[in-house]
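Beneath this line is the structure, given in structure tokens, with notes to follow.
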Amino acid sequence: MADGLTISGGGVVAVATDELIARSLALDHVASEAEGCVGQLAGIAALGAGSGVFSSPDALSAGREVERAGALLAGVRSSSAAAAAALREAATNYGRLERALENAGQQLSATLGYAAGWFLPGLALSVLPASVIAVGALFAAAVLHPGGARAARAAMGDWLRQHRGVLSSPFTVALLRSAVSSADDAGAGLARVPPGLARLLGDEGLGLTGLETSAALLALVGSRFGVFAETPVTVRPTVRALGVSPPTGIAERVERIPDPKGNAYGEQLVIERYSVEGGPDRFEVYLGGTVDFSPVASGEVWDLTSNVAGIAELPAGSYRAAREALADAGVTPSSPVVFTGYSQGGLIATALASSGDYATEGLVTVGAPAGQILLPERLPVIAIEHTDDLVPAFGGHRVNHESVVVEREAFAGVPLPADRAVPAHDLAVYRRTAELADAAVSDRLARAVSAIDWREEISRSETTSYLAERG
Amino acid sequence: MPRRTDPSAPAPRLCHRGQHGPVTSTFDPRLAVQLAALGPLRARVGRLVESVPPPSDARVGAWTGAAHESFESALGELRGQVLTAADAVAAAQALTERAVRDG
Chain A
1 MADGLTISGG GVVAVATDEL IARSLALDHV ASEAEGCVGQ LAGIAALGAG SGVFSSPDAL
61 SAGREVERAG ALLAGVRSSS AAAAAALREA ATNYGRLERA LENAGQQLSA TLGYAAGWFL
121 PGLALSVLPA SVIAVGALFA AAVLHPGGAR AARAAMGDWL RQHRGVLSSP FTVALLRSAV
181 SSADDAGAGL ARVPPGLARL LGDEGLGLTG LETSAALLAL VGSRFGVFAE TPVTVRPTVR
241 ALGVSPPTGI AERVERIPDP KGNAYGEQLV IERYSVEGGP DRFEVYLGGT VDFSPVASGE
301 VWDLTSNVAG IAELPAGSYR AAREALADAG VTPSSPVVFT GYSQGGLIAT ALASSGDYAT
361 EGLVTVGAPA GQILLPERLP VIAIEHTDDL VPAFGGHRVN HESVVVEREA FAGVPLPADR
421 AVPAHDLAVY RRTAELADAA VSDRLARAVS AIDWREEISR SETTSYLAER G
Chain D
472 MPRRTDPSAP APRLCHRGQH GPVTSTFDPR LAVQLAALGP LRARVGRLVE SVPPPSDARV
532 GAWTGAAHES FESALGELRG QVLTAADAVA AAQALTERAV RDG
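Going down the list, the protein sequences come from chains A and D. Numbered per this note's numbering, the first sequence spans residues 1 to 471. Numbered per this note's numbering, the second sequence spans residues 472 to 574.
Structure follows, in structure tokens:
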């Protein structure tokens with residue numbers, strides 16, 4: 001698996017691979033050490049300065065070598081400082097270029113989407129999110145064939161596994177992100193909304209319509225046919241344990257994200273409560289990924305219905321369940337909370353942090369389709385995404401430029417596992433990326449981690465797993 | 472240090488050139504200080520050689536194509552400069568050592 005990280009965001013324009021950052025830091029170190037050596041050599045040269053020259057030829061030659069070394073190291077100092085500055089400048093220019101290309105691509109895909117909707121309604125369907133089409137096909141299969149939903153899901157799983165190479169291409173992921181983001185423009189074209197008004201209302205203008213509008217429309221229309229229909233939810237604590245240690249860094253948090261399929265009861269949430277001397281209790285909240293991919297809501301709350309409602313920024317079942325669990329755990333509006341979520345859990349964690357209802361002190365998302373949910377600017381956010389993972393692309397283009405984004409192509413130059421449709425979305429693969437992120441040398445990532453970590457003395461700690469169910 | 476071959480003979484007095492009195496050696500104590508300072512400096516420059524980033528074949532984000540090659544070439548020059556400086560320090564140390572020994 002490839003271990004190269006690319007780190008961007010954090011309110012800084014520069015986009016840098018961790019290797020590039022490490023090199024610029026190494027060059028800074030070389031410059032500083034060379035300066036120290038130059039100082040020492042100047043001191044040594046000064047020994048002979050007061051008495052003119054030493055008498056012996058060897059001593060004279062030694063003096064000349066000292067001077068030569070001093071001149072060479074002075075050159076090393078200035079060259080390495082210049083190279084380190086050039087690397088940082090290049091990273092900044094690269095970031096500017098990438099952002100400009102991203103904006104241009106967004107404008108272009110919006111225009112193409114609108115044109116497709118206006119002129120070629122049939123083609124417009126092809127630029128709608130792949131999920132809409134896939135889910136529509138699934139729904140049709142469920143309606144047309146008795147008990148066909150399961151078979152259709154299995155068939156879709158087979159198809160996805162057969163085409164995992166295409167699905168795991170960073171190009172496909174980027175294309176999907178653009179297609180998802182321009183779904184509202186295609187819809188505006190179909191509805192014959194004047195182009196100027198469509199642009200004004202869309203992501204590229206006032207942002208009144210966008211991905212969430214398309215997802216809301218999907219949820220609204222779908223619910224009339226029995227898919228993506230939200231239901232009431234219930235939450236109950238299942239397992240409680242005392243004496244948990246507070247997490248530090250990214251990997252420890254990602255490690256604690258529950259895997260509902262591997263738990264005794266299928267718990268989707270874990271909440272840790274820490275009693276702190278002389279302050280309010282602190283909370284660390286971990287939310288798992290999607291469990292059920294059926295478009296028809298059944299008992300599982302972490303399902304496709306919650307995904308669609310979550311992207312639509314509507315009160316998804318999993319969002320409501322998480323709020324209930326937080327209340328049950330004793331989280332108040334003034335309790336410091338750090339949210340960590342994977343996939344749908346990351347989407348819900350982002351929505352909770354964005355709600356303003358909690359004293360959120362940090363957010364860590366892993367493979368989450370949450371790019372379009374606006375977050376408070378000063379909130380420390382770390383978003384980990386694989387460039388060969390389709391799922392985060394369903395969240396559209398990122399709107400939070402203050403978030404520190406850690407990216408990695410998980411399967412670059414490595415054969416894809418045969419048993420997974422989207423292997424780069426696996427939590428285990430993300431755990432490896434989290435470890436690499438903790439070991440990275442990036443300043444802005446280190447600052448974000450340091451802002452999320454807390455070091456107060458704790459007097460008591462407790463962890464509770466929660467199971468959410470529909471109905 | 473000057474070697475004393477006859478233990479009964481008076482120890483040679485170390486003095487600087489131009490000082491009054493019998494001159495038995497041209498040894499300058501500042502050379503000893505220089506020699507003492509060059510040891511740790513040589514080790515420091517040796518560590519500096521190791522801290523210059525090694526060449527990389529991988530394309531590193533912003534540095535691709537010609538820019539990457541040019542950067543690698545600049546790094547190569549930098550490494551060469553540090554190595555030459557390390558050689559100069561080593562030579563200065565050896566020469567100073569000989570000057571002290573033969574002084």
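All C-beta atoms in this analysis are idealised placements derived from N, C-alpha and C, irrespective of residue type, glycine included. Given the structure is predicted, the values throughout are model-derived calculations rather than measurements.
Test: A522 (chain D) CB closer than 8 Å to a CB of chain A: Position 51 of the second sequence, counted from the start, is the residue given in the question as residue 522 (chain D). Note that residue 522 (chain D) is Ser in the sequence shown, not Ala. Yes - at least one Cβ of chain A is within 8 Å of the one on S522 (chain D).
Stretch-stretch touch, CB-based, cutoff 8 Å, three pairs: the stretch 441-452 of chain A with the stretch 268-276 of chain A: Between the stretch 441-452 of chain A and the stretch 268-276 of chain A there are fewer than three C-beta pairs closer than 8 Å, too few to call the two in contact.
Cα-Cα separation between R68 (chain A) and A62 (chain A), rounded to whole angstroms: Numbered from 1 along the first sequence, position 68 holds the residue referred to as residue 68 (chain A). Numbered from 1 along the first sequence, position 62 holds the residue referred to as residue 62 (chain A). Cα-Cα distance, rounded: 10 Å.
7 Å CB neighbourhood of G243 (chain A) in its chain, flanking five on each side removed: Locating residue 243 (chain A) in the first sequence gives position 243, where the first residue counts as 1. So the list reads S461, once near-sequence residues are dropped.
Residue-level contact to chain A via CB, A562 (chain D), 8 Å cutoff: Taking the second sequence and counting its residues from 1, one reaches residue 562 (chain D) at position 91. At least one CB atom of chain A sits nearer than 8 Å to the CB of A562 (chain D).
A570 (chain D) at chain A interface by Cβ criterion, 8 Å: Position 99 of the second sequence, counted from the first residue, corresponds to residue 570 (chain D). Answer yes: the Cβ-Cβ gap between A570 (chain D) and chain A drops below 8 Å somewhere.
Under the three-state DSSP convention, the category L374 (chain A) falls into: Here residue 374 (chain A) refers to the residue found at position 374 of the first sequence. Shown here, L374 (chain A) sits in coil according to DSSP, grouped into three states, outside any helix or strand.
Residues near R398 (chain A) by beta carbon distance below 6 Å, same chain, minus five either side: By 1-based counting over the first sequence, the position of residue 398 (chain A) is 398. Cβ within range, chain order: G371.
Proximal residues to G279 (chain A) (C-beta, below 7 Å), its chain only, five neighbours per side dropped: Position 279 of the first sequence, counted from the start, is the residue given in the question as residue 279 (chain A). Answer for G279 (chain A): E456, listed in chain order.
Amino acids of chain A, ordered along the chain, whose beta-carbon sits closer than 7 Å to that of A559 (chain D): Indexing the second sequence from 1 puts residue 559 (chain D) at position 88. Chain A residues near A559 (chain D): E65, R68, A69, L72.
At least three beta-carbon pairs within less than 8 Å, the stretch 391-406 of chain A to the stretch 164-180 of chain A: The stretch 391-406 of chain A makes contact with the stretch 164-180 of chain A: 3 or more CB pairs, one atom from each, lie closer than 8 Å.
Range of the contiguous beta strand (DSSP E) that encloses F394 (chain A): Working through the first sequence from its first residue, we reach residue 394 (chain A) at position 394. Secondary structure note for F394 (chain A): it is in no beta strand (DSSP E), with a DSSP letter that is neither H nor E.
Members of the stretch 35-51 of chain A that neighbour chain C once the beta carbon cut-off is set at 8 Å: Looking for chain C here will not work: the only protein chains present are A and D.
Interface flag, D58 (chain A) vs chain D, CB-CB below 8 Å: What you label residue 58 (chain A) is simply residue 58 of the first sequence in a count that begins at 1. Proximity of D58 (chain A) to chain D, defined by a Cβ-Cβ separation below 8 Å, is satisfied.
Alpha-carbon to alpha-carbon, A437 (chain A) and P99 (chain A): Locating residue 99 (chain A) in the first sequence gives position 99, where the first residue counts as 1. Locating residue 437 (chain A) in the first sequence gives position 437, where the first residue counts as 1. For clarity, residue 99 (chain A) is Arg in the given sequence; the question names Pro instead. R99 (chain A) and A437 (chain A): Cα-Cα distance of roughly 23 Å.
Spatial neighbours of V308 (chain A) in its chain, beta-carbon cut-off 7 Å, leaving aside the 5 residues before and after: Counting from 1 along the first sequence, the entry for residue 308 (chain A) is found at position 308. Taken in chain order, the residues that qualify are A215, L218, A219, F228.
L512 (chain D) and V560 (chain D) closer than 8 Å at C-beta: Position 41 of the second sequence, counted from the start, is the residue given in the question as residue 512 (chain D). Position 89 of the second sequence, counted from the start, is the residue given in the question as residue 560 (chain D). By the CB criterion at 8 Å, L512 (chain D) and V560 (chain D) fall inside the cutoff.
Inside the stretch 295-375 of chain A only - alpha helix (DSSP H) runs reaching at least 4 residues: Every unbroken stretch of the alpha helix (DSSP H) spanning 4 or more residues and falling wholly within the stretch 295-375 of chain A is given here in chain order: 304-311, 317-329, 344-355.
Nearest-angstrom Cα separation, counted from V331 (chain A) out to E284 (chain A): Taking the first residue of the first sequence as position 1, residue 284 (chain A) is located at position 284. Taking the first residue of the first sequence as position 1, residue 331 (chain A) is located at position 331. Taken atom to atom, the span from the alpha-carbon of E284 (chain A) to that of V331 (chain A) is near 10 Å.
Y286 (chain A): first and last residue of the uninterrupted alpha helix (DSSP H) it sits in: As a first step, residue 286 (chain A) is located in the first sequence; it is residue number 286 there, counting from the start. Counting along the chain, Y286 (chain A) sits inside no alpha helix (DSSP H); it lies in the beta strand (DSSP E) bounded by residues 282-287.
Coil, strand or helix - R470 (chain A) by DSSP: Here residue 470 (chain A) is taken as the residue at index 470 of the first sequence, counted from 1. Three-state DSSP puts R470 (chain A) in a strand.
Any C-beta of chain A under 8 Å from that of A514 (chain D): As a working note, residue 514 (chain D) is residue 43 in the second sequence. So no, A514 (chain D) is outside the interface.
Reduced DSSP secondary structure (H/G/I, E/B, other) of E385 (chain A): What you label residue 385 (chain A) is simply residue 385 of the first sequence in a count that begins at 1. Looking at E385 (chain A) - three-state DSSP - the assignment turns out to be strand.
Three-pair Cβ contact test at 8 Å for the stretch 326-345 of chain A versus the stretch 249-259 of chain A: Verdict: yes, contact present.
DSSP beta-bridge partners of P526 (chain D): Here residue 526 (chain D) refers to the residue found at position 55 when the second sequence is read from its first residue. Answer by DSSP bridge pairing: none, since P526 (chain D) is not bridged.
Chain D contacts made by the stretch 354-387 of chain A, where a contact means CB separation under 7 Å: Flagged: no residues at all.
Cutoff 8 Å: G75 (chain A) Cβ touching any chain D Cβ: Along the first sequence, one-based indexing puts residue 75 (chain A) at 75. It does: the Cβ of G75 (chain A) has a partner Cβ on chain D nearer than 8 Å.
A264 (chain A) versus G165 (chain A): straight-line alpha-carbon distance, rounded: Position 264 of the first sequence, counting from 1, holds the residue named residue 264 (chain A). Position 165 of the first sequence, counting from 1, holds the residue named residue 165 (chain A). Distance between the alpha carbons of A264 (chain A) and G165 (chain A): 34 Å.
Span of the beta strand (DSSP E) around P170 (chain A): Numbered from its first residue, the first sequence carries residue 170 (chain A) at position 170. Not the beta strand (DSSP E): P170 (chain A) falls in the alpha helix (DSSP H), residues 170-181.
Short Cβ contact (8 Å threshold) for D357 (chain A) with P333 (chain A): Counted from its first residue, the first sequence places residue 357 (chain A) at position 357. Counted from its first residue, the first sequence places residue 333 (chain A) at position 333. Yes, the Cβ-Cβ distance between D357 (chain A) and P333 (chain A) is below 8 Å.
8 Å Cβ cutoff, V30 (chain A) in contact with chain D: Counting from 1 along the first sequence, the entry for residue 30 (chain A) is found at position 30. By this cut-off, V30 (chain A) is an interface position.
A557 (chain D) versus L47 (chain A) - alpha carbon distance: Within the second sequence, residue 557 (chain D) is the residue found at index 86, counting from 1. Within the first sequence, residue 47 (chain A) is the residue found at index 47, counting from 1. Going by the C-alpha atoms only, they are around 20 Å apart.
First and last residue of the uninterrupted beta strand (DSSP E) at V406 (chain A): Here residue 406 (chain A) corresponds to residue number 406 of the first sequence, with the count starting at 1. Run containing V406 (chain A): 404-408, per the beta strand (DSSP E) assignment.
Spatial distance of L176 (chain A) from V38 (chain A) (CA atoms): Taking the first sequence and counting its residues from 1, one reaches residue 176 (chain A) at position 176. Taking the first sequence and counting its residues from 1, one reaches residue 38 (chain A) at position 38. About 55 Å.
Residue from A:S294, A:G75, A:L427, A:L5 with nearest C-alpha to P260 (chain A): Position 260 of the first sequence, counted from the start, is the residue given in the question as residue 260 (chain A). Ranking the options by Cα distance to P260 (chain A), first place goes to A:L427.
Contact test: A508 (chain D) Cβ vs the ligand GTP heavy atom, cutoff 7 Å: The ligand GTP is not part of the structure shown, which contains no ligands of any sort.
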